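Scroll down for the structure; my scribbles are underneath it.
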Amino acid sequence: MSDFLVIVESPAKAKTIERYLGKKYKVRASLGHLRDLPRSQMAVDVENNYEPRYITIRGKGPILQDLKKEAKKAKKVFLAADPDREGEAIAWHLATALGIDQDSDCRVVFNEITKDAIKESFKHPRQIDMDLVDAQQARRILDRLVGYSISPLLWKKVKKGLSAGRVQSVALRLIIDRENEIKSFEPEEYWSITGLFEKTKKKFEAQFYGSTEEKTKLNTEEDVKAVMASMNGKDFTVNRVVKKERKRNPSPSFTTSSLQQEAARKLNFRAKKTMMLAQQLYEGISVGKEGITGLITYMRTDSTRISDTAKKDALEFILGQYGEAYATKATAGKQSSSSQDAHEAVRPTSVYRTPESLKEILSRDLYRLYKLIWERFIASQMAPAVMDTVMAELQSGEAVFRANGSQVKFPGFMKLYVEGTDDQTDEKENILPEMNEGDKVKAVDIVPKQHFTQPPPRFTEARLVRTLEELGIGRPSTYAPTLDTIQKRGYVTLDAKRFMPTELGEIVHQLVSEFFPDILNIEFTAKMEHDLDSIEEGEIDWRAIIDAFFQEFEKSLEVAESEMEKVQIKDEPAGEDCEICESPMVFKLGRYGKFMACSNFPECRNTKAIVKHIGVTCPTCKEGEIVERKSKKKRLFYGCERYPECDFVSWDKPIERPCPKCSQLLVEKKVKKGVQINCVSCDYEEEVQ
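Written as structure tokens, this is what we have:
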């Protein structure tokens, strides 16, 4: 019989930890929460100091009974749920259900599932931290009060299945505000002048800057003509050269949000997928002789802190792999003032477990995410990159052009890893010829170009997560489920990986903003997040936070109940008849946006997707038109409207005119510079300006 019972959340963790601890320990999994607020009712007694009513989650009864039997047999029970608020709450619920003394040293936490970390953690068990439990309880109850009060109201006034929550409502507001900015945006004309120059047979570009005294904006074509007229032909003089050495520091190791952002940029992963894969890497993968081993530290964190042991191992690895020059430690970012710093940044549990050594073991997606985490961590401990930068000022008459060049003098951390950007621009070297003041430079060509200002871009998942974090809205564990919820509810759709609000989303947003302005107030929500964090620090009682919020919220709820009018989403005629019963077809609003349905519902249940024609005749059958379609993973592609009779498909958008070289189909291909037109049969291509 085992002397000790250890309860974790996941069966995968249970097997690994049992192997590390030995025969005296039996490790069992609770499969997450065993107790929670019931789904069918509010279960928060607002008249009794907001006392929650917990029940055993449906289907978890047998698991709880088995754990009770095992607990009775054991000399001592250890609760080893995840090292965060949620994990602390799970431990508290288990202690309550199993009759464990909560003041005893029954709680064990570890940041990584490795043999040394597990054994060390069991040497230092502690009591359940009730401040952490209260912080989780407060967040859960607050979200329940908001969600279970507003959602039924939306069901009555709009339609069934809607919801509104604190964080999701602010996320939706950001998306809608951005869409309104785009709609109201008025482009403004501006011009640029680019010069192609030559010196000592080396060509380089420079941009018009202005005069020697100040920068000049080119707003109209007249401004450009004035500049062109002010130049003394094509002979320019170098009147200033500034050379500098610039250091570039590495980014810190990942937090939850920065991991989600970088995985979106570099791997094209959704936030939900990133967290699912990271959970697997944390809980453990079978790695040959070592067996199941946790490959990364805990993945829900807002800290960039790294342990001294991990720093030491990284230093040794860098010295051995890259040499002493690369091992000088740089300042890898500042800790956020709002960070809870509960545990380390996301990093590999062993730097010596390189991505290449695991490539044959891990699935493709697990390997790619692990490689990202491993490289980011090693790079964060490497020396800064050193850049040589040059600015040369060229003058002809009154016109001044500036050429900026840079060259990597020492790559440092960039030898391994460079952080991605939301706009996916590449940082390239631009090497200028050697120039000194007074040198003569010849202009090969000077080209004016008209531009128009662009509206702000729609949010990608990465950009929205970053914005929520910067505003102090939500916490590491909430970003992925928040983005998932607003999509599942049909409030937003993804178009080219960017969020667009649906009509339903705008209706819900309008109602919430009219009757519950505090829920959408960014400053108010950020302060609420700060207050919830204060509970964890033991600075304030959780019931006081809930009460202060609910007193005002209840008044808004009463007003909304009496004054919110029922919203009727009218069916819009689709302009065609049902092919089954010949009744008019109408546009309806569904979970994934608009679709066509028969107006004779429920007698006729015919529905059709809204088809978008692109004005191109199918090159295969020569009869049907090409239409936009979406794959199961919501990726846009193009196919013949006569499918399945005609099976033409293309990921690239076909265009109407044929190839001038071979008369075959031309398609638009997205490239880093923008859009390029290619022939599907020959090597013809052209760039789209």
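When you read off a place in the sequence shown, starting at 1, and then add 106, the result is the number in the numbering used here. Idealized CB from N, CA, C, for every residue including glycine. The structure presented is a predicted model; accordingly, all values stated were derived computationally and were not measured.
Uninterrupted alpha helix (DSSP H) stretches at least 4 residues long and entirely within the segment 175 to 219 occur at 191 to 204, given in chain order. The segment 720 to 732 makes contact with the segment 747 to 763; the number of CB pairs closer than 8 Å reaches 3 or more.
In the DSSP assignment, threonine 380 falls within the alpha helix (DSSP H) that extends over 377 to 389. A Cβ-Cβ distance of about 18 Å is found for the pair methionine 337 and glycine 544, leaving them out of contact under the 8 Å criterion. Per DSSP, the unbroken beta strand (DSSP E) holding leucine 742 starts and ends at 742 to 746.
Residue environment: glutamate 115 is assigned as buried (16 or more neighbouring CB atoms within 10 Å of its CB, all protein chains considered). In the DSSP annotation of this structure, the continuous segment of the alpha helix (DSSP H) that includes methionine 334 starts and ends at 327 to 336.
Rounded to whole angstroms, the Cβ separation of valine 452 and threonine 415 is 16 Å, and the two are not in contact under 8 Å.
Across the set Glu328, Arg371, Arg354, Ile467, the C-alpha of Ile467 shows the shortest separation from the C-alpha of serine 392. When rounded, the separation of the alpha-carbon atoms in glutamine 386 and alanine 650 is 38 Å.
Taking the CA atoms as reference points, valine 673 sits about 5 Å from valine 264. Taking 4 residues as the shortest admissible run, the segment 128 to 152 contains no complete alpha helix (DSSP H) segment at all. Rounded to whole angstroms, the gap between the alpha carbons of leucine 373 and glutamate 612 is 31 Å. Checking the DSSP bridge columns, you'll see histidine 557 partnered with Tyr296. Contact between valine 492 and glycine 511 does not hold, since the beta-carbon distance rounds to 15 Å and is not under 8 Å. Look at tyrosine 315 here: in three-state DSSP terms it is strand. Around the beta carbon of glutamine 274, a 10 Å sphere encloses 16 or more other beta carbons of the protein chains shown; the residue is thus reported as buried. Across the set Glu396, Ala186, Pro189, Phe483, the C-alpha of Glu396 shows the shortest separation from the C-alpha of arginine 125.
For aspartate 249, the enclosing alpha helix (DSSP H) stretches over residues 236 to 263.
Rounded to whole angstroms, the separation of the alpha carbons of asparagine 784 and leucine 771 is 9 Å. With contacts defined as CB atoms closer than 8 Å, valine 598 and isoleucine 256 fail to qualify as a contacting pair. By the neighbour-count definition (other C-beta atoms within 10 Å, threshold 16), serine 463 is an exposed residue. In this structure, the beta-carbon distance from lysine 340 to proline 539 does not fall below 8 Å.
Taking all protein chains shown into account, proline 490 has 16 or more neighbouring C-beta atoms within 10 Å of its C-beta and is therefore buried. Between the beta-carbon of valine 618 and that of isoleucine 625 there is about 6 Å, and that keeps the pair under the 8 Å contact cut. Contact between the segment 185 to 201 and the segment 211 to 219 is present, with at least three C-beta pairs closer than 8 Å. By the C-beta density criterion, proline 766 is exposed, having fewer than 16 other C-beta atoms within 10 angstroms.
Counting along the chain, the unbroken alpha helix (DSSP H) around histidine 615 starts and ends at 609 to 621. Taking all protein chains in view, the Cβ of tyrosine 404 is crowded by 16 or more other Cβ atoms within 10 Å, so the residue is classified as buried.
Counting the other Cβ atoms within 10 Å of the Cβ of tyrosine 458 gives fewer than 16, which makes it exposed.
Within 10 angstroms of the beta-carbon of proline 189 lie 16 or more other beta-carbons, which makes it buried. Residue range 491 to 502 is occupied by the beta strand (DSSP E) that includes leucine 500. Taken through DSSP and simplified to helix, strand or coil, histidine 636 comes out as helix.
Residues Ile219, Gly390, Ile398 of the same chain have their beta carbon placed closer than 6 Å to that of threonine 122, with the five preceding and five following residues left out of the count.
Within the same chain, and ignoring the five residues on either side of glycine 193 in sequence, the residues whose Cβ sits closer than 8 Å to its Cβ are Glu115, Ala187, Val215. According to the DSSP assignment, glutamine 366 belongs to the alpha helix (DSSP H) that extends over 362 to 373.
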